[in-house]
Structures are given as C-alpha cells and as structure tokens.
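Reviewing the structure listed below.
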Amino acid sequence: DKQPETHDEL
Amino acid sequence: MNIFRLAGDMTHLLSIIVLLLKIYATKSCSGISLKTQELYALVFLARYLDLFTDFISVYNTIMKVVFIASSLAIVWCMRLHPLVKRSYDKELDTFRHYFLIGGTFVLALVLNEKFTLQEILWAFSIYLEAVAILPQLVLLQRSGNVDNLTGQYVFFLGAYRAFYILNWIYRYLTEPRFTRWIACVSGIVQTGIYADFFYYYFISWKNNSKLKLPA
C-alpha cells in the first residue's frame, strides 16, 4: 500500500 | 528545499524569536494569548515526533529542536517567570482552546494520510496550527492591546504564510507528484485566519497610535 510521503516540511 | 520554503522557515522562526525577545526584554506579556502560544507548542510537539526516528537532514533536525525549544520557552515565560506571568491577561484570554484541540484531533482521525499514530498526530498538528491563532485574535478584539504584539512579529508571521504558499505553488509546478492536500488546504485556511488577525491588528494599531498622538 501507498507509503505516506515522509513529511520533509517543517 | 527551495528558496521559498527556506525563507518561510526563517521568517517563521524569526516570528517566534521576536516574540520571545519582546516578552523577555519588557518582562511583560500583556496582550499575548497564552492559549495560542500553548497551541503552537503542542503543534510542534505533535508534528516533530519523528525527530528521533526519521532523519531527513541536519537542517530539518536542528530546526525542529529550535522550534520546540523556542515555543516552549515562550510558554514557560508566560506561565512561570515571576515578573512576566503577573502581566498575563488571564481574565481576557478565555477562548475555550480545548475545543480546538478536540475538534482538530477528531478531524485528524477522519482525514489523514494513513491511520497510524504518527500520521494522525501529524495531520492533527497541521489542522491545529491553522486555528491556533484564534485565541490571540479574540484576545486582540477584546483588549486592542498591541504593546507586545510588535509589528515585526505580525510581519514575520505573515511572511511565513506567504512564503509557504509560494513554496507549495513552486513544488506543485516543479515536482510531478507533489500532492500535499492536507498541508495545502489547511495552510490556506490558516492564512485566511491570519488575514483576519492582521485586520484586527491593523485596526488596534491605528487606534493606539491615534491615542498616543500628543493631545
């Protein structure tokens, strides 16, 4: 299943 | 990383530092909503849980620590500093911010990228940040007191919003799969509420400057 994007924004 | 996001992070950090320095320099927090500052600290704590698990970059890690530390420093100052806490407008800062916490948490349970604790808390922090300024807006409407809400603070807070929206537009145009609907839609709502805050700030600032004109 789609891995959520790693949240690279602060 | 693009210049808009870097500028957005810098202005966001500056807004917190400017407020902290103002409170510490004047030893007063009149006109500042402790509830809004507590909500901001909660936003960073809920969002940066991955501080120890996912390493993204040195910049990312350092900024997360600085955001958590500076927002908690403001809350500590307003709650515990013997001089500062006396100037807190306790009877005016009455917005029931627990409803904001509960409401945004329920929303995060429903609307999230993945039903995992980390993703739910991340979505919660995004939604909470959008509404966190509401207690400050209400306090400003009631007190009209802009003594500690310096122009720089309001400017940097607005610049942070503007740069982040430019960042999302830039990423949408340059990255094939840039879809951050939760962050973008919530960020637009946050900018709208900020605009409302700015309107009341401008009115209060104008009234105060009228008052201060030599009679």
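Residue numbers (this note's numbering), protein chains in the order written: chain A, 1 to 10; chain B, 1001 to 1215.
By construction, the Cβ of each residue, glycine as well, lies at the ideal position given by its N, Cα and C atoms.
*Are the C-beta of B:E1091 and some C-beta of chain A separated by less than 9 Å?*
It does not; no Cβ of chain A falls within 9 Å.
Quick one, which of B:Y1098, B:L1128, B:A1162, B:D1089 has its alpha-carbon nearest B:H1012's?
Among B:Y1098, B:L1128, B:A1162, B:D1089, the Cα nearest to that of B:H1012 is on B:A1162.
**Prompt:** Shorter than 9 Å from the beta carbon of B:R1005 to some beta carbon of chain A?
**Reply:** By this cut-off, B:R1005 is an interface position.
(request) Just the chain E side, please: which residues come within less than 8 Å of B:F1067 by C-beta, in chain order? (result) Note that chain E does not occur in the displayed structure, where the protein chains are A and B.
- Query: Is it a yes or a no for the stretch 1039-1048 of chain B touching the stretch 1081-1101 of chain B, going by three-plus beta-carbon pairs under 8 Å?
  - Reply: Yes: the two stretches touch, three or more of their Cβ pairs being nearer than 8 Å.
So with Cβ pairs under 9 Å, would you call B:I1056 a contact of chain A? Closer than 9 Å: yes.
Report task. Note the first and the last residue of the continuous alpha helix (DSSP H) segment covering B:V1043. Result -> 1034-1047 is the extent of the alpha helix (DSSP H) around B:V1043.
Exercise for review: Can you grab the Cα-Cα spacing for the pair B:S1204 / B:Q1136, in whole Å?
Suggested key: One C-alpha to the other measures close to 13 Å.
Original post:
Who are the near neighbours of B:V1066 in its chain, counting only those whose CB is closer than 8 Å to its CB and skipping five residues on each side?
Top reply: Same-chain partners within the cutoff: L1013.
**Prompt:** Sorry if obvious, but does the Cβ on B:Q1118 come closer than 8 Å to a heavy atom of the ligand ADP?
**Reply:** With respect to the ligand ADP, the structure offers nothing, as it holds no ligand at all.
Neighbour flag for B:Q1037 against chain A, beta carbons, 9 Å = Closer than 9 Å: no.
*asked:* Going by beta-carbon coordinates alone, are B:Y1088 and B:K1064 separated by less than 9 Å?
replied: In this structure, B:Y1088 sits away from B:K1064, with a CB-CB distance that is not shorter than 9 Å.
query = So which of B:T1104, B:I1032, B:N1060 has the shortest CA-CA distance to B:Y1127?
reply = For B:Y1127, the nearest C-alpha among the options comes from B:T1104.
Self-check item: Where B:D1009 meets chain A, residues with beta-carbon distance less than 8 Å
Solution: Around B:D1009, the beta-carbon contacts reaching into chain A at under 8 Å are L10.
- Task: Give the range of the alpha helix (DSSP H) segment to which B:K1210 is assigned.
- Result: Residues 1181-1212.
Query raised in the report: Of all Cβ atoms in chain A, is any one closer than 9 Å to the Cβ of B:A1046?
Result: No, B:A1046 does not count as interfacial toward chain A.
### Query
Which parts of the stretch 1087-1169 of chain B are runs of the alpha helix (DSSP H), unbroken and 4 residues or longer, counting only runs that do not cross its ends?
Counting whole runs of 4 or more residues, the stretch 1087-1169 of chain B contains the alpha helix (DSSP H) stretches 1097-1110, 1117-1131, 1134-1143.
Q: Look at the Cβ atom of B:I1056, then the Cβ atom of A:T6, and state whether they are nearer than 9 Å.
A: Yes.
- Item | Under 9 Å from the C-beta of B:V1183: neighbouring residues of chain A | Per the sequence shown, the amino acid found at residue 1183 of chain B is Ala instead of Val. Near B:A1183 (Cβ distances below 9 Å), the residues of chain A are H7, E9.
* Cα separation between B:S1030 and B:G1187? -> Taking the straight line joining both Cα atoms gives about 28 Å.
Q) Taking the C-alpha atoms as reference points, what is the distance between B:M1078 and B:L1173? A) One C-alpha to the other measures close to 42 Å.
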